[in-house]
Amino acid sequence: MATNRRKSRSKTAAPGEDARLPASGHELLGYYREMLTIRRFEEKAGQLYGMGLIGGFCHLYIGQEAVCTGIKYGLRGDDSIITGYRCHGFMLARGAAPGAVMAELTGRASGVSRGKGGSMHMFDQEHAFYGGHGIVGAQVPLGVGLALSHKYLANGKVSAACFGEGAANQGQVYEAFNMASLWHLPVIFVIENNQYAMGTSIARAKSGTEMFERGTSFGIPGRQVDGMDVLAVKQAIEEAALNSREGNGPALLEMMTYRYRGHSMSDPAKYRSKEEVSKVRHEHDAIDMVRTRLLDESHATEEALKEIDREVKAVVAEAADYAQSEPEPDAVELWTDVMHAV
Amino acid sequence: MATNRRKSRSKTAAPGEDARLPASGHELLGYYREMLTIRRFEEKAGQLYGMGLIGGFCHLYIGQEAVCTGIKYGLRGDDSIITGYRCHGFMLARGAAPGAVMAELTGRASGVSRGKGGSMHMFDQEHAFYGGHGIVGAQVPLGVGLALSHKYLANGKVSAACFGEGAANQGQVYEAFNMASLWHLPVIFVIENNQYAMGTSIARAKSGTEMFERGTSFGIPGRQVDGMDVLAVKQAIEEAALNSREGNGPALLEMMTYRYRGHSMSDPAKYRSKEEVSKVRHEHDAIDMVRTRLLDESHATEEALKEIDREVKAVVAEAADYAQSEPEPDAVELWTDVMHAV
Amino acid sequence: MPALTVREALRDAMAEEMRADPLVFLMGEEVAEYQGAYKISQGLLEEFGPARVIDTPITEAGFAGIGVGAAFGGLRPIIEFMTFNFAMQAIDQLVNSAGKTLYMTGGIQSCPIVFRGPNGPAARVAAQHSQCYASWYGQVPGLKVVAPYSAADAKGLLKSAIRDPNPVVFLENELLYGQSFEVPEGEDYLVPIGEAAVLRPGADVTIVAFSRMVGHALAAAETLAGEGIEAEVIDLRSIRPLDSETILASVRRTHRLITVEEGWAFAGIGAEIGAIVMEHAFDELDAPVARIAGADVPMPYAANLEKLALPQPEQIVQAARNACYVE
Amino acid sequence: MPALTVREALRDAMAEEMRADPLVFLMGEEVAEYQGAYKISQGLLEEFGPARVIDTPITEAGFAGIGVGAAFGGLRPIIEFMTFNFAMQAIDQLVNSAGKTLYMTGGIQSCPIVFRGPNGPAARVAAQHSQCYASWYGQVPGLKVVAPYSAADAKGLLKSAIRDPNPVVFLENELLYGQSFEVPEGEDYLVPIGEAAVLRPGADVTIVAFSRMVGHALAAAETLAGEGIEAEVIDLRSIRPLDSETILASVRRTHRLITVEEGWAFAGIGAEIGAIVMEHAFDELDAPVARIAGADVPMPYAANLEKLALPQPEQIVQAARNACYVE
Ligand SMILES: Cc1ncc(C[n+]2csc(CCOP(=O)(O)OP(=O)(O)O)c2C)c(N)n1
Ligand SMILES: Cc1ncc(C[n+]2csc(CCOP(=O)(O)OP(=O)(O)O)c2C)c(N)n1
Ligand SMILES: [Mg+2]
Ligand SMILES: [Mg+2]
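In structure tokens:
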């Protein structure tokens, strides 16, 4: 086993405290741009929600950008990924057009799900992203099913099944652990531990040891990873994927991360202090960490990064414009896609 | 913690190989009689089934008698017990009249559930036995709920939630583990590991470590117990109950046992060899072990034990007669007990 | 009478019953410290403490089962599902463990428990969060099923449900939580389970609805009155037992019946009501019973499609006109 | 035509489709080494090996979800539930993950999967093992629901279900497994989903049934013929889509309708059929649609009570006499 059961680094480790993982300037610039795109996209979605252009539940990914970005780069492009309702970041990371994602949020015909799924239900088959699921924990067996299909088809692919630390208490997760391990399926269970499930801190919902050890009795090696460090996420995923691809079965990775916003747009997040949020934001932010390193290691100038910021803003602004100007689905769409014709 | 996480003895330990747990002759004679009553009762039920007097599913407890008997004596009389469909032994152990239990099996008005529940659905509120449940695993959260009621009422009681090693893979079991541990509920999870879930041997359904370790990551100490040794079962339950009663939360006990018959009356049990069954029967039978000790330690003569056998047979024969001669429920019973009137 | 929102009425019902009976407690996701995902349990943790207002992990099957076990053990649990969509994870515990045990045990084992939470569509929450489960639970003998519209009924029925010795599935509606209604004062205000209410008398056509659709039915009746059609509006309130007497009595007067529900028509509550009327008042019907129901599709997210998927008052008006053979 | 049991017909359907399409596989409890709890998968492990005939632990939510995920990944799973009672543990995966995904994704993500197993009452297995789920699943747009009676339909419909690009809930009946029927030969014998079958023509009254109750309907028709009443017997075969055309055409001829089901009447399939007939052929009805259904109680264990809880041919006969206004 390449992975091990001990924490690889703790979430409170200050940036730069650990030895930095190797990465080229080109690579780091890519992460910077992609994570920033997700953040700006989500900020814009929040604004559109406030303007009444997006409805229902809308769960922003702000703070967690390193997780989906690290997963993307730790996997091959055709490895499958599945997650819950907090899925916008994954859509963007895997390559969906920001305009089409935003148009889904505004419920337009040119949205990725043609306006029918909304924030929680986005799929991108071209990029092997399988949603976008609203029922907490349900995506975990689905992700194991994708792994079963990979093994069955012997296509060498791996499946990443992502879920929150709150979802990690759901019974079907353990059923999925058992079968994945029993059948040596190529699946990486990724817990995005952002410390809260809605208003419930992890300590109030979880008994026993740390989450990454919850697979141990099912024979699944677990590891805690700094989910704010895109390189750490990427490396942990790479190792687990390699191991799974070799037929050694599943791994469990607990990504220590944090969400800066409320659970969804309707959550004022009174269950934690402003200081708690701002401490993470200022001391251990995923994007800042890459930014600092880019400057430290002279891969980029302040000006070059500002230019990226401007470009990202333009991309997101364009997506927002598109999402507001596109038409709603045609009324006849109410009745389509219920069933495939035989 | 009085319990510990290591096996206390392995299931393959030969009788008498370990130091014998202390027990008076009087005590041992009681266990002998009670376990024998269960076995003879179940044999008789099997006969009545063969005669068409019992219908549907009928899961016999033959081979596992030491588990329910040890649980009974390890607990106080008002501690609650709950189990699955393999429940006849528990009914008898807790003190239900054999005739009323058998009459339930034959579907008669004087059955413990007035003929409406049958083999799988027997309760005995007077003796704090809460069934008798047909859905694999469902009784586990129910048992935790009983523990919650004990804690809420501060009545000093403990709950024993019994389930098979097959049921131990069910997701709701882990949900129950988590909440029981988080809330320090007085519940003893008892896995009756009889090696098979219907036709599936434990190795074909379970990944990872031994079953008794499945609670570890939820902070629940686990222990493997020789489930054929009524004294070992009793002692393990006593220790766990004491600990739970003191407010230290749940424990998990894995009782290593074996069922001699098919899963239910319709199972020819072709998935294992006759030799496997007869080896356990001859080398590690719960009743034989007590019998041997009674003779060894001169607590009873062969003749005295034969007399008990005769008495037990008479009790069971009487139960069978009763169950065949009692009338079926009145037709009006179809419509009663659906709801309490308000 | 003071005006209360449905949210306040539900909270007051629980608070009053918890004051009256120390065996009553509330358990569910975010019910305690967060005061309820939809703030139904506002103030309860403060008043009753963490032993009686219990936050759970996101494990519906587990805590529903724990609730049933606690009821077996003599307590009177109120189990909140954040929405009934998530109760599908636990539906076996509701149906098999709570609903069937009294019968299976020949009357030995009671299960006094309330399962409550929002049911049916909310706003823009799409297919997985918008299902109505009234007819599923309504089908099961051994369960009582309630689905109030007004705050008064919400309060009176929830108090009855908590006192009921049987398991009760209590279906709320998120979009009603903020609506205000007059509510009779006093801790003794109870609404019995199993009785429908005639909210508006009328001689020409009967409209039966439950939960949020009662508002639509009343709006439609208002429009119809302007056209000279007097619609009688019946709020079902309880799904099981279903008050067929009130419906039949009305149909015997109006000879016309429209049913309204947000869920799917197929084997829905409207179908059941139609069947009952057919069985008991076939000769009284001057027009076929018309069902207004949610479109036969999973709930779409887009605002325009969602509106098309849900029953609108205008559809009820049109159905009533048709039943009265008015152009 | 050779006679096959329903058991053999189901096995043959799976075997043929597995031979024809390497993406088809079977997964469930005891399906492989044990050859199926009810021996439906006899011989399949031997022929197709453990990669395609997969024994699971007793974890319905998990393996149903794994099945759906595998279907997302391009396979064509057949998921066997030992009985549909246990599928309640997994019902969220069937409804929310399998049934709604195509719609939620605007047509992007298909889910070609079959969920099959015995549904409804067996013999003496009591309340928790005897429920009929036809109307629950039938209510959900996005699912197809099938419930065959004969071995020929079992085979032809299961083959269609396996080839269908949509999720199909395939409801079998344990008591039919051992019954023999003639089955057309050939691997191309398919029965399309969504078409009812007129099993016996008759001019006086229509009897609609599905699954095991078709046998009762045929028996009742035989008795009625002796009394001079010619009953038309329709085997529904599919629950969703429901073949209203065939039912309506028959009612337009007989003007009388009896529905038969083993499940509870409340919001059942009979209620739905009644509603459809009311909506489309109200003026054709010379008598109210009568529902014969399981008694409104959890299933009792005692032999005499169980019999009373289940529809009997004599009840159908009496309902038909009533509909024809014959003493
Ligand atoms: C089965 C189920 N129960 C409850 C909910 C409501 N709900 C949606 S998200 C959520 C919290 C999940 O927390 P976590 O798993 O930590 O993920 P995060 O939101 O932090 O990403 C809850 C309770 C749901 N969608 N599904
Ligand atoms: C949820 C559910 N799935 C499947 C079944 C069918 N079933 C009844 S008993 C059983 C095997 C259980 O094995 P185990 O838990 O080891 O208990 P044992 O029978 O050995 O006592 C199965 C699969 C069921 N009753 N409930
Ligand atoms: Mg979280
Ligand atoms: Mg077992």
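Chains as they are written, first to last, in our numbering: chain L, 1 to 342; chain H, 1 to 342; chain Z, 1 to 327; chain U, 1 to 327.
Glycine residues also receive a C-beta, built at the ideal position from the N, C-alpha and C atoms.
Just so it is clear, the structure is predicted and the values come from calculations on it, not from any experiment.
Near ligand 3: residue i beta-carbon under 7 angstroms from a heavy atom
i, result
"residue 195/Z", "no"
"residue 197/L", "yes"
"residue 346/H", "Nothing can be reported for residue 346/H: it is not among the residues displayed for chain H, which extend from 1 to 342."
"residue 165/L", "yes"
"residue 194/L", "yes"
Same chain, Cβ closer than 6 angstroms to residue i, neighbours up to 5 away in sequence not counted
i, result
"residue 107/H", "115"
"residue 133/H", "84 and 139"
"residue 7/H", "Confidence at residue 7/H is low in this model, with a pLDDT of 42, below 50, so its placement is unreliable and the value that follows should be read with caution. So the list reads 224, once near-sequence residues are dropped."
"residue 154/Z", "6, 9, 10 and 148"
"residue 3/L", "Any reading at residue 3/L is ruled out, since the residue's pLDDT is 36, under 50, leaving its predicted position unreliable."
Nonlocal neighbours in the same chain, by C-beta distance under 7 angstroms from residue i, ignoring five residues either side
i, result
"residue 67/U", "27, 77, 79 and 113"
"residue 170/H", "136 and 137"
"residue 194/U", "238, 241 and 243"
Residue closest to residue i, alpha-carbon to alpha-carbon, out of the options
i, options, result
"residue 326/L", "251/L, 202/L and 103/L", "103/L"
"residue 269/L", "37/Z, 11/Z, 5/Z and 17/Z", "37/Z"
"residue 228/U", "116/U, 203/U and 124/U", "203/U"
"residue 281/L", "24/L, 57/L, 26/L and 62/L", "62/L"
"residue 344/H", "144/H, 320/H, 30/H and 39/H", "The structure shown does not extend to residue 344/H, since chain H spans only 1 to 342, so no value can be given for it."
"residue 162/Z", "81/Z, 45/Z and 116/Z", "116/Z"
"residue 269/Z", "313/U, 136/U, 256/U and 262/U", "136/U"
"residue 40/Z", "223/Z, 286/Z, 173/Z and 278/Z", "173/Z"
"residue 86/U", "99/U, 118/U, 70/U and 104/U", "118/U"
"residue 152/Z", "128/Z, 166/Z, 164/Z and 186/Z", "186/Z"
"residue 197/H", "118/H, 164/H and 181/H", "164/H"
Contact test: residue i Cβ vs ligand 1 heavy atom, cutoff 7 angstroms
i, result
"residue 115/Z", "no"
"residue 263/L", "yes"
"residue 89/Z", "yes"
"residue 67/L", "no"
Pairwise C-alpha distance: residue j and residue i
i, j, result
"residue 231/L", "residue 70/L", "6 angstroms"
"residue 233/H", "residue 37/H", "18 angstroms"
"residue 247/L", "residue 185/L", "7 angstroms"
"residue 277/H", "residue 219/U", "47 angstroms"
"residue 13/L", "residue 19/L", "Note that residue 13/L scores 42 on pLDDT, short of 50, meaning its location in the model is unreliable; the coordinates nonetheless yield the value given after this. Straight-line Cα distance between these residues: approximately 11 angstroms."
"residue 74/L", "residue 67/L", "10 angstroms"
"residue 303/L", "residue 310/L", "10 angstroms"
"residue 217/Z", "residue 16/U", "53 angstroms"
"residue 244/L", "residue 239/U", "43 angstroms"
"residue 9/L", "residue 158/H", "Residue placement at residue 9/L cannot be trusted, given a pLDDT of 38 that sits under 50; what the coordinates show is reported in the next sentence. Each residue's Cα considered, the two are about 41 angstroms apart."
"residue 296/L", "residue 65/L", "21 angstroms"
"residue 60/U", "residue 133/Z", "21 angstroms"
"residue 218/H", "residue 202/L", "13 angstroms"
"residue 222/Z", "residue 321/Z", "13 angstroms"
Residues near residue i in its chain [Cβ-Cβ closer than 8 angstroms; skip 5 each side]
i, result
"residue 96/L", "112, 122, 124, 127 and 129"
**OP:** Jot down the residue ranges of each uninterrupted alpha helix (DSSP H) in the stretch 199-241 of chain H, minimum 4 residues, whole runs only, in chain order.
**Re:** 202-205, all fully within the stretch 199-241 of chain H.
**OP:** Tell me the start and end of each unbroken alpha helix (DSSP H) in the stretch 189-232 of chain Z that is at least 4 residues and wholly inside, in chain order.
**Re:** Taking only runs of at least 4 residues, the alpha helix (DSSP H) segments lying wholly in the stretch 189-232 of chain Z are 213-226.
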